[in-house]
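Structure, as structure tokens:
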Amino acid sequence: MTREVPEWIGKTPDTPAPPRVRLRVFERHNGICYLSGRKIMAGDKWQLEHLQAIINGGENRESNMAPALVEPHKVKTAADMKQKSKDYRVRAKHNGIKKPRTIRSWRKFNREIVHAPRER
626 MTREVPEWIG
636 KTPDTPAPPR
646 VRLRVFERHN
656 GICYLSGRKI
666 MAGDKWQLEH
676 LQAIINGGEN
686 RESNMAPALV
696 EPHKVKTAAD
706 MKQKSKDYRV
716 RAKHNGIKKP
726 RTIRSWRKFN
736 REIVHAPRER
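Residue numbers (the working numbering): 626 to 745.
Given below as structure tokens:
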């Protein structure tokens, strides 16, 4: 008979999982990196990865975590950030928010300087 342990939930999105939770997640996934499918061997550097990234609406809880080797984890994190940025751009465009103008003045072919108006 196994003892039922309540699921760990972080108090904040930045709360790191304690060692006992890391071990439970590692054993639940049989020590296999969920990104590369490779067995995590002794001496390999690995981290707990959120299956659904916190910045994309995931939660900091045990059921949303899996072990991942460091290199594949970096790749997934970059992809998560790219998706978050795209979602923000689409949402901003939908709401009529424009990026601020970065070019304030330019020169025409006849050497005349043109200054941009304040509002776009």
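Note that CB positions come from ideal geometry on N, CA and C, so glycine has one too.
| Asked | Found |
| --- | --- |
| Going by the CB atoms, is the gap between Glu684 and Arg649 shorter than 8 Å? | no |
| What three-state label does DSSP hand Arg716 in the structure shown? | helix |
| Determine the DSSP secondary structure at Pro697, reduced to helix, strand or coil. | helix |
| Note down the Cα distance separating Leu660 from Trp671, rounded to an integer number of angstroms. | 11 Å |
| Indicate whether Asn681 and Lys709 have their beta-carbon atoms separated by less than 8 Å. | yes |
| Taking all protein chains shown into account, decide if Leu676 is buried (16 or more other Cβ within 10 angstroms of its Cβ) or exposed. | exposed |
| Can you say whether Glu652 is buried or exposed, counting buried as having 16 or more other CB atoms within 10 angstroms of its CB? | exposed |
| Considering Val739, what are the terminal residues of the beta strand (DSSP E) in which it resides? | Ile738 to His740 |
| Taking the continuous beta strand (DSSP E) assigned at Glu674, which residues delimit it? | Trp671 to His675 |
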